[in-house]
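Protein chains in written order, with the numbering used here: chain A, 16 to 276; chain B, 16 to 276.
C-beta atoms are modelled at their ideal positions from N, C-alpha and C, and glycine is treated no differently.
Bear in mind the structure is a predicted one, so any value in this text is a computation, not a measurement.
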DNA sequence: CGTTTGGTTTCACTATTTGAAACTTAGTCT
DNA sequence: AGACTAAGTTTCAAATAGTGAAACCAAACG
């Protein structure tokens, strides 16, 4: 097996290469990719050729560099508007942003990581990590923990296995045990805190977005700074956040089965 | 539409399936896909399984439907922010929208079709076809013709081969010859018109976005309606549009090779 | 209940993929 | 210039992975 185990078949490898190109923020040369991939030269070459031919990558003939292709941009639009909760949640996020004046995050779970799918900036914006389209750790963010807490056992297990438990701040829950205890507490409380566990000075209150059958669809959070507010104040908003999460869930579900008649 | 020829290898087929899922605006069932794909049952099944396993699709276990997955959303975001001109062009589009008060389109070429990568709505919006993330025909849109006009011979040939030359309106240039003559005129004039060639009542003025080496990176257009303005009035804006296109090109290029020194 | 519909698995057959190595440019260094 | 080097492209027999008709299973139907 290679670096990561899960490259099943040619398709897996091709997608792996796609990810590699995506992860560099700029066009990359063949040899750069060759250096970090552990595919043989010829294999990598053919994969790149196929992807380029398919429009998933673009080869700039002048510089000999590969970049993500337009076909992905096209898929992007489709992905955004159908797979994620974003389009449904949009008006609710606006509402929540208006009500709280704080930063709002909408996230979904991506193989044990948190994917931020939409975001509203605070009235007075603050620099912080999360951005729409970015991924972050699950074990030390509000939205991440909110989702983990409601995952079914096997899914939780799979997600836990992918956590690095890196200690970002003194408050980070940097062990499986600490996290499990916290998840228990979250289930009882109904919402998750982030007590400066990922970034110093950043706190948040997050709730899961659950389907009627209890499946985790995503999470919603209100984020602020210790300079501006306290956990208690944020907690006062929890019922409203939960309420909005419920509305999003309801609408997302009715969306899923139209045209059935 | 249907069986496109160019599905090279397994990767091609898998991506083809991805597109199929994307093209439905909602989660699809296996059998729906089976009906429109001309892959045998087992093959389609395995492709879907692979894609799902890879996180490019999600299988909703409750409804047995496939939707685009989070990994795709992540890639899509990366594609948007690095491959496309959109992030660079954003402030310029805002400026142009403010100046003209009309609808602005930013497009790139995607295998002979036009891909709208960003858009600004007119002060008084009008219903029209184009939308960010959508694709449209190249031979009968302003941005399409602006790009075609500056394509190198082989690329132009490849693009022409993919045009359907469907006559959308009485003004559509519905033949290869008519289009070639028009492209010639566009090169001389420096910008392209859309004289209600795609949608009745919709006119536009478009300019290509060219790299220093003359490579076509995209196109920019200002669109309006015959009810509101005339080609002449739109034409008066051409210098400004061209100016902004040049700025975008310049910035896009400086973006492409940093860290090199 | 027997039947249909929708989804999953099998398995012999084949076509695709593989990757070491040879080859081709295009640059660099004496 | 010629000899070396680095970067990208092509080859080809062996190995692997993909194919798809058909069998199978499980709900849902009548």
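Closer than 8 Å at the beta carbon, the chain B residues around residue i
i	result
residue 26 (chain A)	25, 26, 29, 62, 65, 66 and 69
residue 228 (chain A)	77
residue 33 (chain A)	90
residue 137 (chain A)	Going along chain B, no residue has its Cβ under 8 Å from residue 137 (chain A), so there is no contact; the nearest lies around 21 Å.
Residue i beta carbon near the ligand COA (any heavy atom closer than 7 Å)
i	result
residue 165 (chain A)	Of ligands this structure carries none, so the ligand COA is not represented either.
Cβ-Cβ separation, residue j to residue i (assumed contact under 8 Å), whole Å
i	j	result
residue 181 (chain B)	residue 253 (chain B)	Going by Cβ atoms, the distance from residue 181 (chain B) to residue 253 (chain B) rounds to 28 Å, so no, they are not a contact pair.
residue 129 (chain A)	residue 150 (chain A)	6 Å
residue 69 (chain B)	residue 27 (chain A)	6 Å
residue 197 (chain B)	residue 241 (chain B)	No, residue 197 (chain B) and residue 241 (chain B) are not in contact; Cβ-Cβ is about 19 Å, not under 8 Å.
residue 255 (chain B)	residue 114 (chain B)	7 Å
residue 94 (chain B)	residue 127 (chain B)	That pair is no contact at about 19 Å.
residue 33 (chain A)	residue 66 (chain A)	6 Å
residue 103 (chain A)	residue 263 (chain A)	6 Å
residue 246 (chain A)	residue 218 (chain A)	6 Å
residue 117 (chain A)	residue 238 (chain A)	6 Å
residue 235 (chain A)	residue 260 (chain A)	5 Å
residue 48 (chain B)	residue 35 (chain B)	6 Å
residue 178 (chain B)	residue 152 (chain B)	7 Å
residue 82 (chain B)	residue 72 (chain B)	7 Å
residue 188 (chain A)	residue 155 (chain A)	6 Å
residue 184 (chain A)	residue 215 (chain A)	5 Å
Amino acids of chain A, ordered along the chain, whose beta-carbon sits closer than 7 Å to that of residue i
i	result
residue 161 (chain B)	In chain order: nothing, as chain A lies at least about 16 Å away.
residue 132 (chain B)	88
residue 153 (chain B)	Per Cβ cutoff of 7 Å: no residues; residue 153 (chain B) is ~13 Å from chain A at best.
residue 253 (chain B)	By Cβ distance, chain A contributes nothing, its closest Cβ being about 26 Å from residue 253 (chain B), past 7 Å.
Contact set between residue i and chain A, taken where Cβ atoms lie within less than 9 Å
i	result
residue 265 (chain B)	Simply none; closest approach about 16 Å.
residue 242 (chain B)	By Cβ distance, chain A contributes nothing, its closest Cβ being about 29 Å from residue 242 (chain B), past 9 Å.
Contacts that residue i makes with chain B (C-beta to C-beta distance below 7 Å)
i	result
residue 261 (chain A)	The premise fails here: residue 261 (chain A) is roughly 18 Å from chain B at the closest Cβ pair, so nothing lies under 7 Å.
residue 164 (chain A)	Within chain B, no residue comes near residue 164 (chain A); the closest Cβ sits about 19 Å away, beyond 7 Å.
Listed by chain order, chain B residues near residue i by CB distance under 9 Å
i	result
residue 173 (chain A)	What residue 173 (chain A) touches in chain B: nothing, since even the nearest Cβ is about 12 Å away.
residue 298 (chain A)	Residue coverage of chain A in this structure runs from 16 to 276, which leaves residue 298 (chain A) outside it and unanswerable.
Chain-ordered chain A contacts of residue i [CB-CB under 8 Å]
i	result
residue 234 (chain B)	Here the premise fails: no neighbours, minimum Cβ distance about 13 Å.
residue 215 (chain B)	Ordered by position in chain A, no residue passes the 8 Å Cβ test against residue 215 (chain B), which lies about 26 Å from the chain.
residue 221 (chain B)	Residues of chain A passing the Cβ test: none, with the nearest at roughly 18 Å.
Can you list, in chain order, the residues of the segment 176-207 of chain A whose Cβ is nearer than 8 Å to any Cβ on chain B?
-> none
Three or more C-beta pairs closer than 8 Å, one from the segment 220-231 of chain A and one from the segment 162-175 of chain A: is that the case here?
-> yes
Residues from the segment 76-88 of chain A in contact with chain B, defined by Cβ distance under 9 Å = 76, 77, 78, 80, 82, 83, 84, 85, 86, 87 and 88
Those runs of the alpha helix (DSSP H) which lie wholly inside the segment 37-64 of chain A and span at least 4 residues | 45-51
Would you call the segment 90-101 of chain B and the segment 74-81 of chain B touching, i.e. three or more CB-CB distances under 8 Å?
-> no
Starting from the N-terminal side, write out each stretch of the beta strand (DSSP E) that is 3 residues or longer and does not extend beyond the segment 72-120 of chain A.
-> 72-75 and 80-83
Could you name the residues of the segment 39-57 of chain A whose beta carbon sits closer than 9 Å to any beta carbon of chain B, in the order they occur along the chain?
-> 39, 40, 41 and 42
Decide if the segment 81-93 of chain A is in contact with the segment 102-111 of chain B; the criterion is three or more beta carbon pairs, one per stretch, under 8 Å apart.
-> no
Which ranges does the alpha helix (DSSP H) cover as unbroken runs of at least 4 residues, wholly within the segment 157-215 of chain A, from first to last along the chain?
-> 157-164, 168-175 and 191-204
In chain order, which beta strand (DSSP E) runs of at least 3 residues are fully inside the segment 231-271 of chain B?
-> 231-240
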